[in-house]
Amino acid sequence: MTNPPSILVIEDEAAIADTILYALSTDGMSVAHCALGGAALARLRAQVPDLVILDVGLPDINGFEVCRTLRTFSDVPVIFLTARHEEIDRIVGLEIGADDYVVKPFSPRELAARVRVILRRAGTRAAPPPAPPAAAAAQGFTLDADGARVAWRGRWLDLTRYEYLLLSLLLRHPGRIYSRAQLMALVWHDAADTIDRTVDTHVKTVRAKLRALDPGCDPIRTHRGMGYSLAA
Ligand code: CA
């Protein structure tokens, strides 16, 4: 897990754009917005997101044209927003290169669900939030994999990237003991320079953050000479 999936919403109607932005960001996605097709294409040429949500009826460039131009330089998944059923034939006709569409008015939840499906299909990072293992939930943890965050006793922890990766790994397998070498390989696999003490340091900072919420509780077990686990 690195950053949350990035979504660009191209929609000129502010109320609709706001609804989408709200739904997707509460779903843990990183959302940007453009009201015009021209500005959106300029932005897309500079940086391609993980997925594009594209209104057909834009005031400057028609959404179909935006998509056609986009396809000359990117295969990023596109979901069309359309107000008219007669446009669906063109969208699903595949000449445009769309991945999906929703017809206005639509439910933001439905749109968010479709975004997740397409991101998963595209093999990006937006894995569905796994149900927390019973033992992790019993310890009071909630894992939000889409948002790359962890709540403990109903409050979100302010974790760094590696603290999150470390804690979420323990949460996925309560009771399992990970050696420092395993944690180094599983959590810090993309880090250039690391030493074993990195694990100890991060366990210590995660514990401090948990202790800040409940001084009397330490759900992370130290197994001397073996490693760490979440209390099962
Ligand atoms: Ca429109």
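Okay, so the sequence shown: first residue is 192 according to our numbering, each after it adds one. The beta-carbon is built from N, C-alpha and C at its ideal position, and this holds for glycine as well.
Of all alpha-carbon atoms in 362, 390 and 356, the one lying nearest the alpha-carbon of residue 372 is that of 390.
Looking at the DSSP output, residue 418 bridges to 414. Here the C-alpha atom of residue 403 lies approximately 17 Å from the C-alpha atom of residue 412. Beyond the five residues adjoining it in sequence on each side, residue 417 comes within less than 7 Å, by CB distance, of 368 and 370 in the same chain, given in chain order. A straight-line Cα-Cα distance of about 29 Å links residue 336 and residue 294. Taking the C-beta atoms as reference points, residue 221 is found no nearer than 8 Å to residue 239. Rounded to whole angstroms, the gap between the alpha carbons of residue 242 and residue 275 is 22 Å. For the options 296, 217, 207 and 374, the alpha carbon positioned closest to that of residue 226 is the one of 207. Taking each of 308, 269 and 299 in turn and checking the Cα distance to residue 292, the smallest one comes out for 269.
Annotation: residue 210 to residue 299 spans about 7 Å, alpha carbon to alpha carbon. Under the DSSP assignment, residue 211 falls in the alpha helix (DSSP H) whose first and last residues are 205-217.
Annotation: residue 345 to residue 331 spans about 8 Å, alpha carbon to alpha carbon.
Distance from the CA atom of residue 254 to the CA atom of residue 348, rounded to whole angstroms, is 40 Å. Shown here for residue 197: same chain residues with a beta carbon closer than 6 Å to its own, the five before and five after excluded, namely 221, 240 and 241 in chain order.
No heavy atom of ligand 1 is found nearer than 7 Å to the CB of residue 337. Relative to ligand 1, the beta carbon of residue 248 is positioned inside 7 Å of a heavy atom.
The closest heavy atom of ligand 1 lies 7 Å or more from the beta carbon of residue 209. Looking at the DSSP output, residue 269 bridges to 243.
In terms of side-chain proximity, the C-beta atom of residue 251 is found no nearer than 7 Å to any non-hydrogen atom of ligand 1.
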